[in-house]
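As structure tokens, the structure follows; a few thoughts come after it.
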Amino acid sequence: MTRNEDTSAAIRGTAVTWRRLGEWLRPLAALLIMGIALSRASPYFLTGSNLASVAVQTSAVAILAVAETLVIVGGHIDLSVGSVLALCGVAAALLMSKGAGIAVSCSAGLALGLAVGVLSGGLIAFGRMPSFIVTLGMMGVARGAALIITGGVNVFGVPDRFAAFATARWAAIPVPALLAGAVAVAAHVVLTRTSLGRTIYAIGGNAEAARLSGIPVMRVVTILFAISGLLSALAGLALTSRLSIGQPTAGAGYELDAIAAAVIGGASLMGGQGTVPGTLIGAAIMGVLRNGCDLLRVPVFWQQVAIGVIIIGAVFLDQFRRRR
Amino acid sequence: MRGLRVVSAVGIGVALVCGCAGPKTEQAPVQRKLSIAVVPKAVAFDFWRSVKAGADAAGREEGVTITWRGPSDERDVAGQIATLEDFINARVDAIVMAACDSKALTPIVRKARAAKIAVITIDSGVDDPSVPIVATDNIKGARIAAATLAKLIGGKGKVGLIPFVAGAATSTMREQGFKDGLKSYPGVKLASTLYSESDAAKGMAVTENMLTSTPDLAGIFAANEPGAIGAARAIEQRRLADKVKLVAFDAAQSEVDALKRGTIQALIVQNPFKMGYEGVKAAVKAIHGEKVPLYVDTGVTIVTKNNLNTPEVKSLLGR
Chain A
-13 MTRNEDTSAA IRGTAVTWRR LGEWLRPLAA LLIMGIALSR ASPYFLTGSN
37 LASVAVQTSA VAILAVAETL VIVGGHIDLS VGSVLALCGV AAALLMSKGA
87 GIAVSCSAGL ALGLAVGVLS GGLIAFGRMP SFIVTLGMMG VARGAALIIT
137 GGVNVFGVPD RFAAFATARW AAIPVPALLA GAVAVAAHVV LTRTSLGRTI
187 YAIGGNAEAA RLSGIPVMRV VTILFAISGL LSALAGLALT SRLSIGQPTA
237 GAGYELDAIA AAVIGGASLM GGQGTVPGTL IGAAIMGVLR NGCDLLRVPV
287 FWQQVAIGVI IIGAVFLDQF RRRR
Chain B
3 MRGLRVVSAV GIGVALVCGC AGPKTEQAPV QRKLSIAVVP KAVAFDFWRS
53 VKAGADAAGR EEGVTITWRG PSDERDVAGQ IATLEDFINA RVDAIVMAAC
103 DSKALTPIVR KARAAKIAVI TIDSGVDDPS VPIVATDNIK GARIAAATLA
153 KLIGGKGKVG LIPFVAGAAT STMREQGFKD GLKSYPGVKL ASTLYSESDA
203 AKGMAVTENM LTSTPDLAGI FAANEPGAIG AARAIEQRRL ADKVKLVAFD
253 AAQSEVDALK RGTIQALIVQ NPFKMGYEGV KAAVKAIHGE KVPLYVDTGV
303 TIVTKNNLNT PEVKSLLGR
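Chains as they are written, first to last, in our numbering: chain A, -13 to 310; chain B, 3 to 321.
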């Protein structure tokens, strides 16, 4: 590259970074306002113990939401994340309860998630099937598989050492929250600093143009879903540790929460738009909302209305800003 | 969940084809084996496995075929209705079922009875008083839970309640029974009611939030298995097992373990085996046109660390 090209690329890069920053400042402001309102309404909200609880309660969905962000930015959607979470969580739990070591069981669970993701991605990329349909089907297959291998019942006998992960703290921060944070940081680095990340944005923006400019779209899409499957499995392991049982019905509805988090955080379902920090803020908004409703004893049904309103509001504001 | 619906529809289709390939094709006047469908609220919990064991035992004694099928989630009302429609179309002789929702399942139950299929409800009934029910007296059981918890906290203090699914008959009855039972203990105040939605993760989250919002909480009543599993886990994580007393319904393995560890102080144990057993027995009677009692109370037993090893409790839990 010549010097001029270097410069303009750098300038463009900086401009893009600042624009992306702006995308998630709005949700961040919303989160801060919510936080302030809640800390006034309840003296227990802003305590270390409660904030740690919220972080742990939201960590599984946060990991799924990060996975969903990558997929959505790439112009696709993954409806199977909740079911894959359950499948891999119970698979690992079953292995551990039968005496296989923790490392072996977790590796098997992660490998299973990766395999499911590769399968979905392959069908979507090479089979040219819509991601909505493929992951919808995979959602049923994975959930059914989880119920089959457990006979529909919860798996007991998860070793205490494994369950201890979810309760452990490192520098006063709960381990599940650190895990979600690490996943988010890694994904953010990939999206903003690697060529893979640029490719994902390109594919999401205009898949045909990306293909014509030489990007191996099919390979990248497969990789996207493979990552999604892997992260879903990781979330499943985290949840199994937290509950100390393998629950085949776990994660039901989590995929919608994950997508909602990404959308609230600024991702567009058309593709090409979205950031990991924004998604984390979206996940935090939903987690804080639920926690706040419980603390203030707001009936659970109003929670659902509130979350729906926030999703619509977030997308509406985004469209409004774009039209100007 | 659409995908699951497709999978189960295919599965039911296969099952129907296999079923049709069986006795129905026989023309001979051989006595056809009676076919009874047993539909729980969900296949997922220990509780329902015991129901199945009881149903299977009665099925073996009576020489009838038991087909066990139910939703994987207690909230999947539409899924349960679809399953029942399939059984009606498959012309089973009787249905023994636990309703996911007392109102929503009433029309399909009436449809089954109109098609001359006997219907017996177990555990959770429908809003039709002419349909027999074999169940725990949940109101009474929850009153016993309230009394047990109140005594454990010395008759004074704040307590929390974790029912499961608003609208499910058993959840509503246990909620109501608990509140009724607390009336006899004016020193005990119900500080918070949060639903577990029959999901252990949600149960754990709402317990954590309950403990946060009411730091002087003295006791919790978890109305079913997943809520109890979540609540026990949350209490242990916050190391509050000595400060917060926990009373719960049902006796899944991890609940019994928690009882032994001292996290749970008392379990209100139902008799799901008897429900399945008596349900099928009543169904057979109904098929033969005999009169069936409208209500059979299968009773509750309070299980604590003290009576855990008595022979009665062991056999109750052993199933």
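Where is the CB? At the ideal position from N, CA and C, for every residue including glycine.
Reference residue i, options the options, closest by Cα
i	options	result
Lys160 of chain B	B:Ser173, B:Lys191, B:Thr300 and B:Gly278	B:Lys191
Ala84 of chain B	B:Leu310, B:Arg71 and B:Asp95	B:Arg71
Phe49 of chain B	A:Gly60, A:Lys84 and A:Gly138	A:Gly138
Leu56 of chain A	A:Leu225, A:Thr261, A:Ala236 and A:Ser66	A:Thr261
Ser104 of chain B	B:Ala170, B:Ile289 and B:Arg77	B:Ala170
Met272 of chain A	A:Ala173, A:Met256, A:Gln259 and A:Val291	A:Val291
Glu177 of chain B	B:Pro188, B:Ser186, B:Thr195 and B:Lys185	B:Thr195
Ala97 of chain A	A:Gly232, A:Val144, A:Val295 and A:Ile213	A:Ile213
Gly251 of chain A	A:Gly191, A:Leu242 and A:Ala300	A:Ala300
Ala250 of chain B	B:Pro217, B:Gly205 and B:Leu213	B:Gly205
Gln259 of chain A	A:Ala152, A:Thr178, A:Gly21 and A:Ala270	A:Thr178
Pro228 of chain B	B:Leu248, B:Ala254, B:Lys245 and B:Val246	B:Ala254
Ala193 of chain A	A:Ile58, A:Gln233, A:Phe306 and A:Ala86	A:Ile58
Met204 of chain A	A:Gly113, A:Gly191 and A:Leu14	A:Gly113
Ala203 of chain B	A:Ser199, A:Gly257 and A:Val47	A:Val47
Under the three-state DSSP convention, the category residue i falls into
i	result
Thr27 of chain B	Residue placement at Thr27 of chain B cannot be trusted, given a pLDDT of 45 that sits under 50; the coordinates are not used to answer.
Gly239 of chain A	coil
Ile38 of chain B	strand
Leu65 of chain A	coil
Tyr279 of chain B	helix
Leu248 of chain B	strand
Gly108 of chain A	helix
Thr214 of chain B	helix
Ile296 of chain A	helix
Tyr187 of chain A	helix
Leu296 of chain B	coil
Met256 of chain A	coil
Val85 of chain B	It is worth fixing the name first, because residue 85 of chain B is Thr in this sequence and not Val. Of the three classes helix, strand and coil, the one that applies to Thr85 of chain B here is helix, per DSSP.
Val144 of chain A	coil
Met99 of chain B	strand
Arg155 of chain A	strand
Leu163 of chain B	strand
Other residues of its chain near residue i: CB distance less than 7 Å, five sequence neighbours each side excluded
i	result
Ala238 of chain A	Gly68
Val136 of chain B	Ile122, Ile124, Met277, Glu280, Gly281, Ala284, Val298 and Thr300
Ala41 of chain A	Pro160 and Ala163
Leu11 of chain A	none
Ile135 of chain A	Val76, Ala77 and Leu80
Asp58 of chain B	Ile68
Pro31 of chain B	Low per-residue confidence applies at Pro31 of chain B: pLDDT is 49, beneath 50, and the placement is therefore not dependable enough to give any value.
Neighbourhood of residue i by C-beta, 6 Å cutoff - its chain only, sequence neighbours within 5 removed
i	result
Ile63 of chain A	Ser117 and Phe118
Ala(-5) of chain A	Interpretation of Ala(-5) of chain A is limited by its pLDDT of 45, a score under 50 that renders its predicted location unreliable; the figure taken from the coordinates is listed afterwards. The answer is none, since no qualifying residue turns up.
Val120 of chain A	Ser106, Leu109 and Ile110
Gly99 of chain A	Val70, Cys74, Gly215, Leu216, Ser218 and Ala219
Val90 of chain A	none
Listed by chain order, chain B residues near residue i by CB distance under 9 Å
i	result
Asp280 of chain A	Ser194, Leu196, Ala207, Val208, Glu210, Asn211, Met212, Thr214 and Ser215
Gln312 of chain A	The requested residue 312 of chain A does not occur in the structure, where chain A is confined to residues -13 to 310.
Thr180 of chain A	Under the 9 Å cutoff, chain B gives no residues; its nearest Cβ is about 33 Å from Thr180 of chain A.
Sequence-distant residues of the same chain with beta carbon closer than 8 Å to residue i, five excluded per side
i	result
Val94 of chain B	Ser37, Ile38, Ala39, Thr69 and Ile119
Asp130 of chain B	Thr108, Val111 and Arg112
Ile146 of chain B	Gly183, Ile270, Val302 and Ile304
Interface residues of chain B facing residue i [CB-CB closer than 7 Å]
i	result
Phe142 of chain A	Gln255 and Ser256
Asn277 of chain A	Asn211
Arg283 of chain A	Ser194
Ser35 of chain A	Thr214
Partner residues on chain A for residue i, Cβ-Cβ distance less than 8 Å
i	result
Ile231 of chain B	Asn140, Leu229 and Ile231
Status (buried if at least 16 other CB within 10 Å, exposed otherwise) for residue i
i	result
Gly24 of chain B	Low per-residue confidence applies at Gly24 of chain B: pLDDT is 44, beneath 50, and the placement is therefore not dependable, though the value from the model is reported in the following sentence. It counts as exposed.
Leu32 of chain A	exposed
Ala158 of chain A	exposed
Glu63 of chain B	exposed
Thr172 of chain B	buried
Asp280 of chain A	buried
Leu18 of chain A	exposed
Ile298 of chain A	exposed
Gln43 of chain A	buried
Residue i Cβ short of 7 Å to the ligand NAP heavy atom set
i	result
Lys118 of chain B	Among the components modelled here there is no ligand, and therefore nothing to report on the ligand NAP.
Under 9 Å from the C-beta of residue i: neighbouring residues of chain A
i	result
Ala46 of chain B	Leu133, Thr136, Gly138, Val139, Asn140, Gln233, Pro234 and Thr235
Arg51 of chain B	Gly137, Gly138 and Val139
Ala203 of chain B	Gln43, Ala46, Leu225, Arg228, Leu229, Gln233, Ala236 and Gly237
Proximal chain B residues relative to residue i, where beta-carbon distance stays under 8 Å
i	result
Ser28 of chain A	Ser215
7 Å Cβ cut-off: residues of chain A touching residue i
i	result
Arg235 of chain B	Leu229 and Ser230
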